[in-house]
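Undergrad: Pasting a structure below so you can have a look.
Chains as they are written, first to last, in the numbering used here: chain C, 153 to 446; chain B, 162 to 611.
Next up, the structure:
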């Protein structure tokens with residue numbers, strides 16, 4: 153006798169899926185389709201008309217040195233900020249997990265940064281890192297001209313990396329801590345009884361067991377560093393000096409909304425999407441091999 | 162993809178807010194006015210709207226600040242594409258070319274004529290009117306908030322080097338800055354080199370020296386205009402600024418670094434700045450106790466036959482696709498703003514200058530310019546009317562000029578950071594700026610500026 157619940161037809165299943173599909177279509181596929189269409193035309197901003205130009209938008213973007221500079225800046229930003237945010241969060245989470253003095257206090261405190269909106273935290277960091285008024289003014293007093301994000305591109309890049317990493321340390325911390333606490337105490341205690349020290353236990357037991365979390369955070373951090381950096385760049389540097397912090401997502405905004413070049417911006421957002429897709433595939437293909445799922 | 166989602170959300174929000182702002186049973190006739198000023202200035206606009214609504218019973222204007230000029234234009238475009246546009250919108254000076262080609266407006270002069278208002282267009286200061294008029298002189302929009310750039314100078318610092326007057330030539334400026342440096346001033350002059358300063362550094366300088374920014378009379382005569390600031394007197398100007406910066410006579414001040422130019426001047430840290438007359442009030446209100454300062458016209462190189470400086474600010478456009486009743490209201494509103502009494506109210510409460518001769522005369526007759534906090538603002542009128550506007554001091558009529566200004570900021574930063582030489586940086590500015598113009602021209606094939 154057949155005990156499994158089956159549906160008479162596909163209809164009912166599809167009906168259940170329809171609301172979700174409609175939402176996804178309206179808020180993802182439809183605008184994404186529009187972006188593809190816009191990227192193949194030249195749109196008049198006021199909607200007066202458009203001209204089919206095929207791949208011209210892509211050609212002119214890819215032939216533009218400023219755009220390649222923007223890609224490089226985005227990759228540098230993604231690499232360093234992801235590394236920094238994950239490393240710091242990992243260390244903090246490992247220490248919290250060891251129940252050092254005060255760990256309950258900073259378990260709560262470390263989660264806060266992620267709750268702060270990017271523009272607000274960018275504003276705070278703008279003050280902190282201002283070369284003439286903030287904390288860095290003190291450093292500049294000792295070494296004049298050491299810190300100048302207004303003209304030095306590397307300093308400006310460092311500023312936005314610090315601000316972004318600071319925010320994502322909180323996010324990563326939550327996940328790392330949960331991962332550490334999911335490791336059975338008995339394993340660690342057994343290792344301790346066998347005489348292995350803190351570092352040994354970390355490398356041989358904890359680290360391999362949290363690789364799924366590390367991999368998850370790596371994908372999320374890299375993706376977010378391409379997308380969530382907008383608010384920070386807009387408030388702290390506006391893409392300057394001399395395009396040093398003109399990340400891809402910021403360039404899309406400034407070309408599209410400030411420059412009213414909707415077609416060029418649409419083409420750029422398609423390229424950004426493809427880049428993120430490729431990076432994510434790469435991570436799943438090559439890095440996930442080293443992940444041990446339990 | 163978030164960008165697109167965000168854009169869509171903004172579009173929906175914009176559409177929603179306009180939908181809410183226009184109730185079904187409206188008596189008097191309501192119409193929308195979107196503007197791009199914020200803070201204190203937005204409050205002054207709100208008061209002006211209230212005054213208009215109380216001055217008559219037939220119309221009611223609903224004034225909504227969109228935060229800043231960029232956002233106003235973006236939101237208006239989004240609203241227009243969704244057929245929810247306001248009747249009147251404030252568009253900044255550099256958006257004029259974009260507006261003219263939009264096909265989304267109702268010419269201001271026609272609107273006034275159809276609704277029986279007589280506006281004496283010759284009453285506008287030519288330097289202001291020509292900036293917004295077509296190449297044939299028709300007014301498609303009404304000049305609203307207007308300013309021009311002035312040099313603010315610290316009288317105390319100049320007294321220390323034995324000067325009682327502001328320098329009139331750039332040669333004198335160089336000597337005076339050096340003298341101030343020698344007298345122990347850390348920051349003789351402050352500038353900033355972001356996109357926004359294109360206005361005082363490139364545009365005003367070029368107008369005063371009668372130097373073109375672009376071919377085709379700065380773009381008035383066609384969309385095929387291209388930049389040429391890399392072969393005018395502007396090159397020498399940037400070279401000098403860079404030289405003075407290297408010698409420590411000029412410091413860069415911006416909000417990102419901790420203190421902007423105006424704050425640096427008002428606090429007495431820096432002795433000379435170039436900024437809008439609109440900051441006159443701010444400096445007065447925030448200045449260091451007892452500091453003596455004044456404003457002067459921007460300097461020119463020795464031997465220059467001085468021309469009018471350029472107007473900055475915004476004009477009011479009436480958008481197409483509204484009902485006749487709303488147009489009647491819009492016309493009444495524009496007529497109200499045009500009134501000299503409104504000009505006095507507007508200029509008193511902001512730093513902006515009157516845009517008509519009758520407004521200026523009316524303000525002079527009330528003794529406005531003799532009183533302490535406002536004294537000095539007449540220099541702006543003198544600067545704007547220094548000469549009859551020439552073919553290239555009418556203004557700048559280039560597509561996507563916002564992006565060209567951004568490119569200006571980028572290249573100036575590269576020059577001041579010693580990444581490129583002056584000529585090389587300006588050549589790149591022209592090259593990249595021309596690509597922007599090229600693109601704008603391609604977007605409007607076969608069209609011409611009115």
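Even for Gly, the Cβ is constructed at its ideal location relative to N, Cα and C.
Just so we're clear, the structure is a prediction, and the values are computed from it rather than from any experiment.
1. Could you tell me the distance, in whole angstroms, from the CA atom of residue 268 (chain B) to the CA atom of residue 249 (chain B)?
2. Consult DSSP for residue 223 (chain B) and reduce its assignment to one of helix, strand or coil.
3. Would you list, in chain order, the members of the segment 248 to 268 of chain B that have their beta-carbon closer than 7 Å to a beta-carbon of chain C?
4. Return the chain-ordered list of same chain residues with a C-beta closer than 6 Å to the C-beta of residue 187 (chain B), the five sequence neighbours on each side being excluded.
5. Going along chain C, which residues have a C-beta under 8 Å from residue 231 (chain B)?
6. In its own chain, which residues sit with a C-beta less than 6 Å from the C-beta of residue 445 (chain C), not counting the 5 before and 5 after it?
7. In whole angstroms, what separates the C-alpha of residue 318 (chain B) from that of residue 541 (chain B)?
8. Contact check, residue 411 (chain B) vs residue 353 (chain B) under 8 Å by CB: the rounded distance?
9. I'd like to know whether the C-beta of residue 615 (chain B) is nearer than 8 Å to at least one C-beta of chain C.
10. Can you confirm whether residue 467 (chain B), when its beta carbon is compared against all beta carbons of chain C, has any partner nearer than 8 Å?
11. Going along the chain, which residues of its own chain have a beta-carbon closer than 8 Å to the beta-carbon of residue 185 (chain B), five neighbours each way excluded?
12. Any idea what DSSP makes of residue 299 (chain C), helix, strand or coil?
13. Examine chain B for any beta-carbon lying closer than 8 Å to the beta-carbon of residue 440 (chain C), and answer yes or no.
14. Taking residue 609 (chain B) as the reference, give the member of B:384, B:450, B:388 and B:237 with the closest Cα.
15. For chain C, is any of its Cβ atoms less than 8 Å away from the one on residue 588 (chain B)?
16. Quick one: what does DSSP say residue 518 (chain B) is sitting in, helix, strand or coil?
17. From this set, C:419, C:384 and C:414, which residue's C-alpha is nearest residue 402 (chain C)'s C-alpha?
18. Mind listing the chain C neighbours of residue 421 (chain B)? Cutoff is C-beta to C-beta under 8 Å, in chain order.
19. Looking at chain C, is there any beta carbon in it that lies within less than 8 Å of the beta carbon of residue 582 (chain B)?
20. Using Cβ-Cβ distances below 7 Å, what residues of the segment 442 to 466 of chain B are close to chain C?
21. Cβ closer than 7 Å: which chain D residues qualify as neighbours of residue 293 (chain C)?
22. Ignore the nearest five residues each way along the sequence and tell me which others in residue 483 (chain B)'s own chain have a CB closer than 6 Å to its CB.
23. Exposed or buried, residue 164 (chain C), counting other C-beta atoms within 10 Å across all chains shown (16 or more means buried)?
24. Along chain C, which residues have their Cβ under 7 Å away from the Cβ of residue 577 (chain B)?
25. Give the DSSP-derived three-state secondary structure of residue 382 (chain B) in the structure shown.
26. Any residues in the segment 390 to 408 of chain C with a beta carbon nearer than 9 Å to a beta carbon of chain B? Which ones, in chain order?
27. Is the CB-CB distance between residue 583 (chain B) and residue 575 (chain B) below 8 Å?
28. At a CB-CB cut-off below 9 Å, which residues of chain B make contact with residue 203 (chain C)?
29. Counting only C-beta atoms, is residue 307 (chain C) closer than 8 Å to chain B at any point?
30. Kindly say whether residue 563 (chain B), judged by its beta-carbon, lies nearer than 8 Å to any beta-carbon of chain C.
31. Would you mind stating whether residue 230 (chain B) and residue 567 (chain B) have Cβ atoms separated by less than 8 Å?
32. Should residue 605 (chain B) go down as buried or exposed, given a rule of 16 or more other Cβ atoms within 10 Å for buried?
33. Whole-angstrom Cβ separation of residue 223 (chain B) and residue 194 (chain B), contact assumed at under 8 Å?
34. In whole angstroms, what is the alpha-carbon distance linking residue 390 (chain B) and residue 380 (chain B)?
35. Please list, in chain order, all residues of the same chain as residue 539 (chain B) whose beta carbon is under 6 Å from its beta carbon, the five residues on each side excluded.
36. In chain order, what are the residue ranges of uninterrupted beta strand (DSSP E) at least 3 long that sit wholly in the segment 345 to 417 of chain B?
TA: The relevant details are as follows:
1. Going by the C-alpha atoms only, they are around 12 Å apart.
2. strand
3. 259, 263, 264 and 265
4. With a pLDDT of 49 at residue 187 (chain B), under the threshold of 50, the predicted position of this residue should be treated as unreliable, though the coordinate-derived value follows. Around residue 187 (chain B): no qualifying Cβ.
5. 409 and 410
6. Result list for residue 445 (chain C): 364, in chain order.
7. 23 Å
8. Their Cβ separation, rounded to whole angstroms, is 11 Å, which puts residue 411 (chain B) and residue 353 (chain B) out of contact at 8 Å.
9. Chain B is shown from 162 up to 611; residue 615 (chain B) falls before or after that span and cannot be answered.
10. no
11. At residue 185 (chain B), the pLDDT of 48 sits below 50, so the modelled position is not reliable; the number obtained from the coordinates is stated separately. Here the set comprises nothing.
12. coil
13. no
14. B:384
15. no
16. The answer is helix: DSSP assigns residue 518 (chain B) an H, G or I state.
17. Of the candidates C:419, C:384 and C:414, the residue whose Cα lies closest to the Cα of residue 402 (chain C) is C:384.
18. Within chain C, not a single residue places a beta-carbon under 8 Å from that of residue 421 (chain B); the smallest gap is close to 11 Å.
19. no
20. When C-beta distances to chain C are compared with 7 Å, every residue of the segment 442 to 466 of chain B stays at or above that value.
21. As a matter of chain content, chain D is missing from the structure shown, whose protein chains are C and B.
22. Closer than 6 Å at Cβ, skipping near neighbours: 248.
23. When all chains shown are included, residue 164 (chain C) counts as exposed.
24. 303
25. coil
26. Shown in chain order are the members of the segment 390 to 408 of chain C whose Cβ falls below 9 Å from a Cβ of chain B: 390, 391, 392, 393, 394, 395, 396, 398, 401, 404, 405, 406, 407 and 408.
27. No; because the gap between Cβ atoms is not below 8 Å, this pair is not in contact.
28. 603, 604 and 606
29. no
30. yes
31. no
32. buried
33. Indeed they touch by this definition, with Cβ atoms about 7 Å apart.
34. Cα to Cα, residue 390 (chain B) sits roughly 13 Å from residue 380 (chain B).
35. 530
36. If we require 3 residues or more, the beta strand (DSSP E) runs fully inside the segment 345 to 417 of chain B come out as 348 to 352 and 411 to 413.
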